[in-house]
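Some notes on the structure that comes next.
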Amino acid sequence: MSSTAVPYHASGDRNAAGSEGVRDMAGSRDGAATVPSVARAARILELLASAPEGMTLSEVARALGLPPSSALAICTTLRQAGLAHRTPERRYMLGPGILALAERYTRGGLPALFMRACRDALPDARETVVLAVREWHEVVYLAQRPGNRPLAVNYHLGMRLPAHTTASGKAALSTVTDAEVREIYSLPSSSGVDVDLLIEDLRKTRERGYAIDDEETAPGMVCLGVPITVPGASTTTAAVAVSLVKSTVDDEVLSEYVGVMRALAETLSTDPSPAE
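Mapping to full-length UniProt numbering: the sequence shown position 188 is 188, numbers consecutive.
Listed below in structure tokens is the structure:
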């Protein structure tokens, strides 16, 4: 029997983000110029992804603080591109084009390199290993090499979990400054996090070179995460992590998997070869 990580939703209703979410996406965090209409389209896709039952046009417009005519224009464009679908009940949902894009993404780039590197670094496939990227205060899981041991944790690709409680999230957060951490957790959607405790946890993560999730994601499990560094970059948004049954972890096992995760992260950081 395998454990499944519990899906997480940030404090507050993701479908009621209001115009704050639009401003957040339209105003680039790195100062680069952006296109508001594209940002709104991306936000609509995020909303639909968080609503398995779909959303009406009025719900979409209200969530983004948009005039219904603007929401309709964007939803129509997304439908024509196959990225959104409208049901007979006139509810909007993600379209099949999303699956096509996701399938192409996982066949190339970092996820494919991750799977190949896992085959080399962890041929026995005992434990679940994941690749994740941080998006502000959450992590999104891009790839998984599932473990074959009983009680192994399994993650759904595309699943979001809080960065401050996951090994991959804390590993990625450890590469940003304390001031940036405070900025990330200043938004209402990330309320309830003790930022001072998190900063102290991240300090320890930097010192030892890996992050620890001690039963914060799943009971009875401990996870180890290592950031994937990019040459010339001071921060990273990507990390790898392994999930272990806590009762099986002693100093020898800990040392073994810390070494494996570091080697895996180093491979993903430096291997320029194209994915198979």
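Glycine residues also receive a C-beta, built at the ideal position from the N, C-alpha and C atoms.
When C-alpha distances from P150 are compared across V249, Q80, L244, the shortest belongs to L244. Between E138 and A112, the C-beta spacing is not below 8 Å. Spatial neighbours of A167 in its own chain (CB-CB distance under 6 Å, excluding positions within 5 residues in sequence) are listed in chain order as A211, D213, C223, L224, G225, A241. The DSSP-derived three-state label of L45 is helix.
Boundaries of the beta strand (DSSP E) harbouring I212: 211–214, taken from the DSSP string. Under a 10 Å Cβ-count criterion, E103 is classified as exposed, with fewer than 16 other Cβ atoms of the shown protein chains found around its own Cβ. With a threshold of 16 other beta carbon atoms within 10 Å, E127 meets it and is buried.
In the DSSP assignment, V253 falls within the unbroken alpha helix (DSSP H) covering 251–270. Going by C-alpha positions, A121 is about 15 Å away from S269. In the displayed model, V139 falls within a strand according to three-state DSSP. Scanning T175, I44, P52 for the CA closest to the CA of S58 turns up I44.
Under the three-state reduction of DSSP output, L131 falls in the strand class.
Ranking I98, A73, M55, A100 by CA distance to the CA of P88 puts M55 first. Here S174 is buried, its C-beta having at least 16 other C-beta atoms within 10 Å. Rounded to whole angstroms, V60 and R160 show a C-alpha spacing of 21 Å.
About 10 Å separates the beta carbons of A84 and L47, which is beyond the 8 Å limit, so they are not a contact pair. Taking G82 as the centre and dropping the five residues before and after it, the same chain places the C-beta of G95, P96, G97 closer than 7 Å to its C-beta, in chain order.
Residue state for P146 is assigned as coil, using DSSP reduced to three classes. Straight across, the Cα-Cα distance linking R79 with L142 is about 25 Å. Collapsing the DSSP output to three states places M159 in coil.
Nearest C-alpha to L131 among T248, D250, T237, D251: T237.
Rounded to the nearest whole angstrom, the C-alpha separation of A117 and K204 is 27 Å.
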